[in-house]
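Colleague:
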Amino acid sequence: MENRILNFSGSVNLREMGGYPTQDGKTILWHKLLRSGALSNLDKKGQSELVDYGVKYDLDFRSPTELKISPDPNLSGVKYEHLPVYSPDSSSISSWRSFTNLIKHHHKFTPASDIGGIYQNVVLNEYSQNTYSKMFHLMLENSEPNQSLLFHCSAGQDRTGIGAALIEKLFNVPDQIIIEDYLLSNMAYTSRTSEVLTNDDVDEFINQMNLSDVQANNITVIFKAIDYFYGSFKQYAKDALKLSESEITDLRKIYLKY
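Going from the sequence shown to the working numbering is simple: count from 1 and add 237.
#1: Given 8 Å as the limit, is there contact between the region 356-369 and the region 240-253, that is, 3 or more CB pairs closer than that?
#2: To the nearest angstrom, how far is it from the Cα of Leu271 to the Cα of Leu387?
#3: Just tell me which of Ser277, Ala477 and Asp412 has its CA closest to the CA of Val359.
#4: Please say whether Gln284 and Leu304 have beta carbons closer to each other than 7 Å?
#5: Using DSSP bridges, identify the partner residues of Asp289.
#6: Would you check if there are 3 or more beta carbon pairs closer than 8 Å linking the region 402-415 to the region 288-302?
#7: So, under 8 Å CB-CB, Asn423 and Ile352 are touching, yes? Tell me the CB distance rounded to an integer number of Å.
#8: Rounding to the nearest angstrom, what Cα-Cα distance links His389 and Ala402 in this structure?
#9: Whole alpha helix (DSSP H) runs in the region 352-421 with 4 or more residues, listed along the chain?
#10: Here's a check: name, in chain order, each residue in its chain whose Cβ is nearer than 7 Å to the Cβ of Arg396, leaving out the five neighbours to either side.
#11: Please name the residue in Ser380, Met372 and Asn244 whose C-alpha comes closest to that of Leu493.
#12: Run through DSSP, which three-state label would Leu434 get?
#13: Return the bridge partner residues of Ile265 from the DSSP annotation.
#14: Buried or exposed: Asp309, going by 16 or more other Cβ atoms within 10 Å of its Cβ?
#15: Taking 7 Å as the threshold (C-beta atoms), are Asp261 and Asn409 in contact?
#16: Please classify Gln445: is it buried, with 16 or more other beta-carbons within 10 angstroms of its beta-carbon, or exposed?
#17: Take the Cβ of Lys269 as the centre, count every other Cβ of all protein chains shown within 10 Å, and call the residue buried at 16 or more, exposed below.
#18: Helix, strand or coil for Pro301? Go by DSSP, reduced to three states.
#19: Count the other C-beta atoms from every protein chain shown that fall within 10 angstroms of the C-beta of Lys490, then say buried if there are 16 or more, exposed otherwise.
#20: Am I right that Leu243 and Leu377 are in contact with their C-beta atoms under 8 Å? What's the rounded C-beta distance?
Set out below in structure tokens:
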């Protein structure tokens, strides 16, 4: 699957999501969904390559501070949306790390440790759920053939990795393939570097996340948490992502090859 990494000039962990099979015999269409790290290092050639590839939507999951330091380029004909995944309220950091506020009434549920627990918090807290809900509803706009929607954060692995996993799960991609796609971030990086962010706790927290390798269990535990708190991913899509049955049907028509 390493040929999914698109080496456009100045790109960071830019990858195609097309071609992944679903459990009901379909595949995700090519040139419809791209996932990426920061776009701020794209030079003129890289920007042209991205536009020529068909990108029409740029969804930016980064914090306001990340955006201020490294803004996305202004790509011709591309709709830009700033959709932070993490709440900018630095007082929320304790809940990102401990997860205790969310599970204090669910003693039978044991949260994952380290990054896995943070991922569980992301898929279960309302702020992040609203961000991913907006992502799916913007995906509904991307209905023209060979027209791509790109979503990204800084490293293209955590906030972007969760977004990709939610998309693939909604499309019934097998969990093992979802995990394999997630792990490609480790292949995309030969070394771990990151700009130093010192503005507030949220950004220091993000910086630490960006410097960590990704592990398969990070994806496994988010689906475990979703099943525990919502009963099924189908119910999660309805209640947390605010997707109706007809919207889910439309998303599958737009992004899957029948």
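For each residue, glycine too, the CB sits at the ideal point set by N, CA and C.
Modeller: Once the coordinates are examined:
#1: no
#2: Here residue 271 refers to the residue found at position 34 of the sequence shown. Here residue 387 refers to the residue found at position 150 of the sequence shown. Rounded to whole angstroms, Leu271 to Leu387 spans 5 Å at the Cα level.
#3: Here residue 359 refers to the residue found at position 122 when the sequence shown is read from its first residue. When each option's Cα is compared against that of Val359, the closest is Ala477.
#4: Here residue 304 refers to the residue found at position 67 of the sequence shown. Here residue 284 refers to the residue found at position 47 of the sequence shown. It is not a contact, given that the beta carbons lie outside the stated cut-off.
#5: Counting from 1 along the sequence shown, the entry for residue 289 is found at position 52. For Asp289, which the question treats as bridged, DSSP gives no partner whatsoever.
#6: no
#7: Within the sequence shown, the letter at position 186 stands for residue 423. Within the sequence shown, the letter at position 115 stands for residue 352. Actually they are not in contact, since the Cβ atoms of Asn423 and Ile352 sit about 13 Å apart, beyond 8 Å.
#8: Here the question's residue 389 lines up with position 152 in the sequence shown. Here the question's residue 402 lines up with position 165 in the sequence shown. If I take the Cα positions, the gap works out to 13 Å.
#9: 363-376 and 396-407
#10: Position 159 of the sequence shown, counted from the start, is the residue given in the question as residue 396. Closer than 7 Å at the Cβ level, and outside the excluded window around Arg396, lie Phe298, Val322 and Cys390.
#11: The residue given as residue 493 occupies position 256 in the sequence shown. The shortest Cα separation from Leu493 among Ser380, Met372 and Asn244 belongs to Ser380.
#12: Taking the first residue of the sequence shown as 1, we reach residue 434 at position 197. Here Leu434 scores only 38 on pLDDT, less than 50, and its place in the model is too uncertain to base an answer on.
#13: Residue 265 sits at position 28 when you count from the first residue of the sequence shown. Ile265 is bridged to Leu493.
#14: Here residue 309 is taken as the residue at index 72 of the sequence shown, counted from 1. Buried, since its Cβ has 16 or more Cβ neighbours within 10 Å.
#15: What you label residue 409 is simply residue 172 of the sequence shown in a count that begins at 1. What you label residue 261 is simply residue 24 of the sequence shown in a count that begins at 1. Taking 7 Å as the Cβ cut-off, Asn409 and Asp261 qualify as a contacting pair.
#16: Taking the sequence shown and counting its residues from 1, the one referred to as residue 445 is at position 208. Low confidence applies here, because Gln445 scores a pLDDT of 49, under 50, leaving its location unreliable; read the following figure in that light. Label assigned to Gln445: exposed.
#17: Within the sequence shown, the letter at position 32 stands for residue 269. With 16 or more Cβ atoms within 10 Å of its Cβ, Lys269 is classed as buried.
#18: Translated into the one-based positions of the sequence shown, residue 301 becomes position 64. The answer is helix: DSSP assigns Pro301 an H, G or I state.
#19: Here residue 490 refers to the residue found at position 253 when the sequence shown is read from its first residue. Lys490 is exposed by the Cβ-count criterion.
#20: To locate residue 243, count along the sequence shown from 1; it is residue 6. To locate residue 377, count along the sequence shown from 1; it is residue 140. Their Cβ separation, rounded to whole angstroms, is 24 Å, which puts Leu243 and Leu377 out of contact at 8 Å.
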